[in-house]
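Per the working numbering, residue 140 is the first one in the sequence shown, and the count goes up by one each step.
Virtual Cβ for every residue (Gly too), placed ideally from N, Cα, C.
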Amino acid sequence: MAVDHIKKVSSYDRLFDQAQTHQYNLSIRLNPDGLSFAVYSIVHKRYIAIESILFPDKFASSAGALAAAIYLDNIAKAIDEKSWLISDFRNKVIIYNTRIYTLIPEPLYNSDEKDSYLSFVHKTGQDDIVIASKLEAADSRIIFGINKNIFNELNSWFNNVKLMHHSGALLESVLPVFKHSEPENPVIININKKHLDIIALRDNKLSFINTFEWHSGTDIVYFTLFVLDQLSLNPGKVHVFLCGDIDEDDENHQLIVRYIRNVGFLSRSESYTKGYALELIHTHKYFELLNPALCE
């Protein structure tokens, strides 16, 4: 059995009422080591709750039947503590974090081949379900695998939920932000506990995305410089934006700015992030979670 979870963030606006969930949108982000959720009020057009917890058991959610069972046990415990999470919401989305994914341009996509697309670049197991989601902003399909027990339980708990891959959610959040804004051709680095996503845009369109496993800050710098070199981008000129599990005083951040001149954080400043619930929240840590459009 799972022991107590560790709360990283817990912030609720006075407007939040668990009896009024039918007027709210619910966004949940599932990482291998924890989950976060945010509640968006349709009436007030802003986020009125956010919470983030760490799971105590260090099992990846994609590492076999035992790991999946422990992972589900941790999710179930979170639901037990917040039973209103499985209430009726206006819309719901779950953002699922896994390295097992690939991206196919929409004009080339064939639904009959989705399993083949994924197995070409990743080893998939008999217990995996393959899902394809359309990304409007990237004009692509993101194809990813999820353990069937996890998939079935999520659909049992959260009826009619929309399931997205974390990289897809990130792209749908990032591309609109930079569509009509400076700087040109930015690079975005999304840092998770054990892997990082690197996204590069060119002429306001996706030109590169990949996920890398990392163990130290040196790995983060190496993969970033490698990608910049492959894309012929100058570390002294390119603008790099960070999001995810990183802060300004982190050693990883200090190492990154040593090699790349223009580094900032990909924070939210839209009107829907104003209000008490997010007042003290570093929104770059929850960038793809705080996107009301994903629930539509």
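With 16 other Cβ atoms within 10 Å as the buried cut-off, status of Phe365: exposed
8 angstroms Cβ cutoff met for Asn349 and Val377: Going by C-beta atoms, Asn349 is not nearer than 8 angstroms to Val377.
Buried or exposed by the 16-neighbour rule on C-beta atoms within 10 Å, applied to Thr357: exposed
Other residues of its chain near Tyr163: CB distance less than 8 angstroms, five sequence neighbours each side excluded: Val178, Tyr179, Ser180, Ile181, Ile187, Phe228 and Arg229
Buried/exposed call for Lys147, threshold 16 Cβ in 10 Å: Taking all protein chains in view, the Cβ of Lys147 is surrounded by fewer than 16 other Cβ atoms within 10 Å, so the residue is classified as exposed.
Any 3 or more C-beta pairs closer than 8 angstroms across the segment 274 to 293 and the segment 403 to 410: no
Ser406 in three-state terms, based on DSSP: If DSSP states are grouped into helix, strand and coil, Ser406 belongs with coil.
Exposure of Glu190, with buried meaning 16 or more beta-carbon neighbours within 10 Å: buried
Other residues of its chain near Ser320: CB distance less than 8 angstroms, five sequence neighbours each side excluded: none
Ranges of the alpha helix (DSSP H) found wholly within the segment 249 to 302, counting only runs of at least 4: 253 to 260 and 287 to 296
Option nearest Trp353 by Cα separation, candidates Asn329, Leu335 and Lys344: Per the Cα distances, Leu335.
Whole-angstrom distance between Glu275 and Ile254, CA atom to CA atom: Checking the sequence, you will find Asp at residue 254 rather than Ile. Whole-angstrom Cα-Cα distance: 21 angstroms.
Three-pair Cβ contact test at 8 angstroms for the segment 152 to 169 versus the segment 426 to 433: yes
Span of the alpha helix (DSSP H), counted from its first residue to its last, around Ser306: From DSSP, the alpha helix (DSSP H) with Ser306 extends over His305 to Phe317.
Sequence-distant residues of its chain with Cβ nearer than 7 angstroms to Leu154 (five each side left out): Ser180, His183 and Ile187
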